[in-house]
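Worksheet: the structure to be examined is printed underneath.
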Amino acid sequence: MFSNFLQQLALAEKSYMDIGFLQNKQKSFLRKDNSLRAVYEYMKNDLKKIEESCKHVRGVQRDSKEDQRIPNYCQNIAQFINARINLIDLYEKIYNQAMTNKHMAYVDILNALETTIQTHHLGFTDITLTPIKAVFSLECDIVQQLFKAMFELQKLQFLPSLALIHGVHTRLLAWESKMQRETWKLGIFKNSPLPTLYQWLQKLKGAVLSKFSLYFHDILANQTTPTDMRHICSKLHHDYYQKMVIFQRKHEAACVILLSDNQVNCETADYDSFPIIVSYPPRSPPQLDIMLKMISETNEFLSLKPVTKFRYQVSEH
Numbered sequence: 034m035f036s037n038f039l040q041q042l043a044l045a046e047k048s049y050m051d052i053g054f055l056q057n058k059q060k061s062f063l064r065k066d067n068s069l070r071a072v073y074e075y076m077k078n079d080l081k082k083i084e085e086s087c088k089h090v091r092g093v094q095r096d097s098k099e100d101q102r103i104p105n106y107c108q109n110i111a112q113f114i115n116a117r118i119n120l121i122d123l124y125e126k127i128y129n130q131a132m133t134n135k136h137m138a139y140v141d142i143l144n145a146l147e148t149t150i151q152t153h154h155l156g157f158t159d160i161t162l163t164p165i166k167a168v169f170s171l172e173c174d175i176v177q178q179l180f181k182a183m184f185e186l187q188k189l190q191f192l193p194s195l196a197l198i199h200g201v202h203t204r205l206l207a208w209e210s211k212m213q214r215e216t217w218k219l220g221i222f223k224n225s226p227l228p229t230l231y232q233w234l235q236k237l238k239g240a241v242l243s244k245f246s247l248y249f250h251d252i253l254a255n256q257t258t259p260t261d262m263r264h265i266c267s268k269l270h271h272d273y274y275q276k277m278v279i280f281q282r283k284h285e286a287a288c289v290i291l292l293s294d295n296q297v298n299c300e301t302a303d304y305d306s307f308p309i310i311v312s313y314p315p316r317s318p319p320q321l322d323i324m325l326k327m328i329s330e331t332n333e334f335l336s337l338k339p340v341t342k343f344r345y346q347v348s349e350h
């Protein structure tokens with residue numbers, strides 16, 4: 034009975050690593066995710082039955098060493114399944130926020146992930162589950178550092194963002210190495226080079242790196258030659274800076290500038306010190322002060338509360 038359960042767990046893990054919504058957002062994510070979540074919930078019930086069966090056997094005959102170990106295995110696997118369910122809920126939260134086409138609340142994602150990490154930090158520590166615990170920790174670290182990097186990018190923090198992206202890269206390599214040693218040799222993923230979940234995390238890292246290269250293009254460009262910089266950016270998932278160049282040339286614009294909107298306000302007087310994230314051509318245009326005034330006035334207008342007019346008619350008696 035326990036061996037059959039382990040086979041079901043292996044199939045569920047394969048399904049988890051190949052979650053369909055990560056490949057195609059047009060698929061019915063909620064239906065697929067709920068189905069996978071239900072599989073893990075059913076397995077929790079199966080574990081309880083196995084534990085009860087072991088207690089029954091213990092009551093009618095002397096325990097073998099195997100019978101003594103199985104309840105401990107069940108407890109550890111149940112902890113692991115709870116952790117899996119928490120991560121499925123987290124990915125659902127990420128997906129739902131992404132589908133709203135609004136700014137993603139990175140802090141909410143980080144708080145939910147931190148809760149999951151702290152909850153299961155001391156869980157499923159049996160030596161037989163060491164490889165599973167190591168991969169689970171890597172997955173959590175990768176997702177956590179990716180969203181921390183995006184949060185730091187929002188604040189235009191160069192060194193913290195760079196360190197976090199490098200940390201993600203290192204952990205992705207470590208995870209791939211573990212999969213090659215411990216999972217691929219079992220033939221679970223023999224038909225695909227990498228699991229879908231891993232590919233999605235790689236793409237997310239690529240998207241974060243592309244945004245990083247845009248926000249800090251001037252800093253990075255000072256570290257190498259223009260030719261090498263163009264070559265490096267061309268290998269990114271998205272070469273945003275080159276798109277700015279093409280846009281400027283196509284429409285014959287005087288300049289294309291990316292500004293940080295959270296620092297634009299009507300009291301800004303020193304326009305020369307206003308932080309430009311990136312611009313092409315790479316210089317402050319003479320019209321910058323006029324542009325900032327226009328943005329400030331627009332923001333002021335949008336922030337005004339709507340005025341409601343009432344008409345009263347007084348009748349004479």
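What the sequence shown shows, in the numbering used here, is residues 34 to 350, in sequence order.
The beta carbon of each residue, even a glycine, is placed where N, CA and C say it ideally should be.
Rounded to whole angstroms, how far is the Cβ of I83 from the Cβ of M34, which I believe are closer than 8 Å? Start at 1 with the first residue of the sequence shown, and residue 83 comes out as number 50. Start at 1 with the first residue of the sequence shown, and residue 34 comes out as number 1. At roughly 6 Å, the Cβ-Cβ gap stays under 8 Å, so I83 and M34 are in contact.
The alpha helix (DSSP H) enclosing I165, as first and last residue numbers: The residue given as residue 165 occupies position 132 in the sequence shown. Run containing I165: T163 to Q187, per the alpha helix (DSSP H) assignment.
Simplified DSSP state of L44, which is helix, strand or coil: As a first step, residue 44 is located in the sequence shown; it is residue number 11 there, counting from the start. Of the three classes helix, strand and coil, the one that applies to L44 here is helix, per DSSP.
Using a Cβ-Cβ cutoff of less than 7 Å, which residues in the same chain neighbour C314 once the five nearest sequence positions on both sides are dropped? Along the sequence shown, one-based indexing puts residue 314 at 281. Position check: residue 314 holds Pro in this sequence, whereas Cys was assumed. Excluding residues up to 5 positions away in sequence, C288 lie with their Cβ nearer than 7 Å to the Cβ of P314 in the same chain.
Check each candidate in V311, Q213 and Q232 and name the one with the smallest Cα separation from L253. Here the question's residue 253 lines up with position 220 in the sequence shown. Checked all of V311, Q213 and Q232; the closest Cα to L253 is V311.
Going along the chain, which residues of its own chain have a beta-carbon closer than 8 Å to the beta-carbon of A240, five neighbours each way excluded? Within the sequence shown, numbered from 1, the residue matching residue 240 stands at position 207. Listed in chain order, the non-local C-beta contacts of A240 below 8 Å within the same chain comprise H270 and H271, local neighbours out to five positions each way being set aside.
Can you name, in chain order, every residue of its own chain whose Cβ lies under 7 Å from the Cβ of N57, other than the five neighbours on each side? Taking the sequence shown and counting its residues from 1, the one referred to as residue 57 is at position 24. Because the pLDDT of N57 is 46, which lies under 50, any placement of that residue in the model is unreliable, and the question is left without a value.
Run the CB neighbour count on F245, radius 10 Å, all protein chains shown included, and call it buried at 16 or more, exposed below. The sequence position of residue 245 within the sequence shown is 212, counting from 1. Buried, because 16 or more other Cβ atoms sit within 10 Å of the Cβ of F245.
Is it true that the CB of Q178 sits closer than 7 Å to the CB of L197? The count along the sequence shown starts at 1 and reaches residue 197 at position 164. The count along the sequence shown starts at 1 and reaches residue 178 at position 145. For L197 and Q178, yes; Cβs fall inside 7 Å.
Just the C-alpha distance for G156 and S293, rounded to the nearest angstrom, thanks. Within the sequence shown, numbered from 1, the residue matching residue 156 stands at position 123. Within the sequence shown, numbered from 1, the residue matching residue 293 stands at position 260. Rounded to the nearest whole angstrom, the CA to CA distance from G156 to S293 is 43 Å.
Give the DSSP-derived three-state secondary structure of L292 in the structure shown. By one-based count along the sequence shown, residue 292 stands at place 259. Annotated three-state conformation of L292 is strand, per DSSP.
Which full runs of the alpha helix (DSSP H) of 4+ residues lie inside the stretch 83 to 152, going along the chain? Whole alpha helix (DSSP H) segments, 4+ residues: 98 to 132 and 139 to 152.
Assign I52 to one of three DSSP states: helix, strand, or coil. By 1-based counting over the sequence shown, the position of residue 52 is 19. Three-state result, I52: coil.
Counted within 10 angstroms of its Cβ, other Cβ atoms place H284 as buried (16 or more) or exposed: As a working note, residue 284 is residue 251 in the sequence shown. Per the 10 Å Cβ criterion, exposed.
Residue interval of the beta strand (DSSP E) (run including I309): The sequence position of residue 309 within the sequence shown is 276, counting from 1. In the DSSP assignment, I309 falls within the unbroken beta strand (DSSP E) covering I309 to Y313.
Would you mind working out which of Y273, Q41 and K211 sits nearest L69, comparing C-alpha positions? Taking the first residue of the sequence shown as position 1, residue 69 is located at position 36. Closest option to L69, Cα to Cα, is Q41.
Considering only the beta carbon of each residue, do I118 and Y73 sit closer than 7 Å? Reading the sequence shown from its first residue, position 85 is the one you call residue 118. Reading the sequence shown from its first residue, position 40 is the one you call residue 73. Contact: yes.
If D79 sits next to F113, beta carbons under 8 Å apart, how far is it from one beta carbon to the other, in whole angstroms? Within the sequence shown, residue 79 is the residue found at index 46, counting from 1. Within the sequence shown, residue 113 is the residue found at index 80, counting from 1. That belief does not hold up - the Cβ atoms of D79 and F113 are roughly 14 Å apart, past 8 Å.
Run through the stretch 234 to 300 for me and flag every whole beta strand (DSSP E) of 3 or more residues, listed as ranges in chain order. Taken in chain order, the whole beta strand (DSSP E) runs of length 3 or more contained in the stretch 234 to 300 are 289 to 292.
Please classify V176 as buried or exposed, where buried requires at least 16 neighbouring CB atoms within 10 angstroms. Walking along the sequence shown from the start, residue 176 turns up at place 143. Here V176 is buried: its Cβ has 16 or more other Cβ atoms, across all protein chains shown, within 10 Å.
Along the chain, where does the alpha helix (DSSP H) containing F157 start, and where does it finish? Position 124 of the sequence shown, counting from 1, holds the residue named residue 157. F157 -> no alpha helix (DSSP H), and no H or E assigned at all.
Assuming the contact rule is C-beta atoms closer than 8 Å, A116 and H154 should be a hit. Round their C-beta distance to whole Å, please. Position 83 of the sequence shown, counted from the first residue, corresponds to residue 116. Position 121 of the sequence shown, counted from the first residue, corresponds to residue 154. Contact flag wrong, Cβ pair sits at about 10 Å.
Assuming K166 and I142 form a contact by the criterion Cβ under 8 Å, report the distance between their Cβ atoms to the nearest whole angstrom. By one-based count along the sequence shown, residue 166 stands at place 133. By one-based count along the sequence shown, residue 142 stands at place 109. Your pair K166 and I142 does not check out as a contact, with CB atoms roughly 22 Å apart and the cut at 8 Å.
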